[in-house]
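Its first residue numbered 1, the sequence shown is counted upward by one per residue in the UniProt record's numbering. In this text, a Cβ means the ideal position worked out from N, Cα and C, and glycines have one as well. Structure first, then comments.
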Amino acid sequence: MHPRLLRTFLAVARGRNITRAAEAVHLAQSSVSDQIQTLEAELGAALFTRSKSGLDLTPAGLALKPIAEELLRLDGEARAAVLLAAGQTSGALTIGALETIASARLAPWLPGFQASHPEITVRMKVADSGTLRHLLEDGDIDVAFCFERRDGGGAAADERLASRTIGAEPLVLVAAPGQATAPCVLQDLAALRFVATEPGCVYRHIVDTAFAEAGMAAPRLAAEVGSIGAIVRLVAAGTGLGLVPRLAVSDALARGDLVELPWPGRMRAAALAMIWRRRRVQPPALGQLLAAARDMLAPERSGARSGLESGDRSKALFPNNSLKTGATS
Numbered sequence: 001m002h003p004r005l006l007r008t009f010l011a012v013a014r015g016r017n018i019t020r021a022a023e024a025v026h027l028a029q030s031s032v033s034d035q036i037q038t039l040e041a042e043l044g045a046a047l048f049t050r051s052k053s054g055l056d057l058t059p060a061g062l063a064l065k066p067i068a069e070e071l072l073r074l075d076g077e078a079r080a081a082v083l084l085a086a087g088q089t090s091g092a093l094t095i096g097a098l099e100t101i102a103s104a105r106l107a108p109w110l111p112g113f114q115a116s117h118p119e120i121t122v123r124m125k126v127a128d129s130g131t132l133r134h135l136l137e138d139g140d141i142d143v144a145f146c147f148e149r150r151d152g153g154g155a156a157a158d159e160r161l162a163s164r165t166i167g168a169e170p171l172v173l174v175a176a177p178g179q180a181t182a183p184c185v186l187q188d189l190a191a192l193r194f195v196a197t198e199p200g201c202v203y204r205h206i207v208d209t210a211f212a213e214a215g216m217a218a219p220r221l222a223a224e225v226g227s228i229g230a231i232v233r234l235v236a237a238g239t240g241l242g243l244v245p246r247l248a249v250s251d252a253l254a255r256g257d258l259v260e261l262p263w264p265g266r267m268r269a270a271a272l273a274m275i276w277r278r279r280r281v282q283p284p285a286l287g288q289l290l291a292a293a294r295d296m297l298a299p300e301r302s303g304a305r306s307g308l309e310s311g312d313r314s315k316a317l318f319p320n321n322s323l324k325t326g327a328t329s
């Protein structure tokens, strides 16, 4: 079974639709259909059946799916091992990131990385935290940059994923100019309305956790929106307050579109993390990118707070020099 056929099979299995699968694997719909037919002919069994909701896996397809995923993982590790042994770092990588991290952190950093590593081709996908996780699990991106959840429900809870914190971004309470006064106690804030993202998004988790840790229910929401940009616009219009990482609103604060209010009590920070799939052999290109991101994206103040100098911080984040050896734990 050729890896190309298995990738197409998995794309159809995930999307349950030829059109979506064709977009995922960058092929014409007719090519996707042809490849599925070729794979079915090779195996001597139908892999999909049509239903009202799309293409469903047959018992044969269900049996093939986990094996196809394992074969593709082994194929990737074999290629990585050869490149590593040959001392080559060339390759193509796809980065996934939250909108704010992509624009505020990765956009200024990525051109320098590409200039230093012209042999590595880098693409970027911007999505919400839930989508980034699925893209990682499916192998559609190589690394995700996002804010970590603090309830144990993030990458650390999934043995298939490895995660390293590379910085901490302060959370800020923002409002429209002249729309709110500084709160004295957290109970005052709980009585006000907030603008937040939908449940499941890391930005919504930040709001809910801030109040839950104080033993209070989350405040009423004036609006649930799909992006941090929408939060900024709605808060600036006076719809409600926002609690977000500073980098998400630094430009709006500088322009005077928003004002920062003091948070009553101890303010927390959002952990900025990079997450990737565990492999026995890590692709050299990915190792180069993770090492560069660790060294360049992590703010110096993060290491200073923890008492770690740059060399010690490197050992703490990547024990056993894992980025250089190709290990993933």
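- Burial state of Gln187 is exposed, judged by a 10 Å Cβ sphere holding fewer than 16 other Cβ atoms.
- With respect to the C-alpha of Thr165, the residue from Glu148, Val174, Glu99, Gly178 having the closest C-alpha is Glu148.
- With fewer than 16 other Cβ atoms inside 10 Å of its own Cβ, Thr49 counts as exposed.
- Cβ contact annotation for Cys184 (same chain, cutoff 8 Å, sequence separation greater than five): Pro264, in chain order.
- Pro3 is the residue among Pro3, Ala292, Leu55 whose C-alpha sits nearest the C-alpha of Gly76.
- Put simply, the backbone Cα of Leu173 is about 19 Å away from that of Gly226.
- For Lys125, DSSP records a beta bridge to Gly96.
- For Trp276, the enclosing beta strand (DSSP E) stretches over residues 269-277.
- Per DSSP, reduced to three states, the secondary structure at Thr58 is coil, with no helix or strand assignment.
- Inclusion of Leu192 and Val232 in the CB contact set at 8 Å is not warranted, their separation being larger than that value.
- Per the C-alpha coordinates, the member of Tyr203, Gly256, Glu224 positioned closest to Leu243 is Tyr203.
- Between Pro170 and Gly256, the CB-CB gap reaches or exceeds 8 Å.
- If you check the CB distance, Thr94 and Arg123 come in under 8 Å.
- Taking the Cα positions, Gly139 is about 47 Å away from Thr181.
- Fully contained in the region 201-246 are the following alpha helix (DSSP H) runs of length 4 or more, in chain order: 202-212, 228-236.
- For Ile36, the enclosing alpha helix (DSSP H) covers residues 29-43.
- It is roughly 26 Å from the alpha-carbon of Leu261 to the alpha-carbon of Asp128.
- The alpha carbon of Ala285 has as its nearest neighbour, out of Glu99, Val143, Ile228, the alpha carbon of Val143.
- Per the coordinates, the alpha-carbon of Phe145 lies some 5 Å from the alpha-carbon of Ala97.
- Beta-bridge annotation (DSSP): Leu290 is not paired with any residue.
- When C-alpha distances from Leu72 are compared across Phe113, Gly130, Arg105, Arg7, the shortest belongs to Arg7.
- Under the 10 Å beta carbon count, Ile141 is surrounded by 16 or more other beta carbons and is classified as buried.
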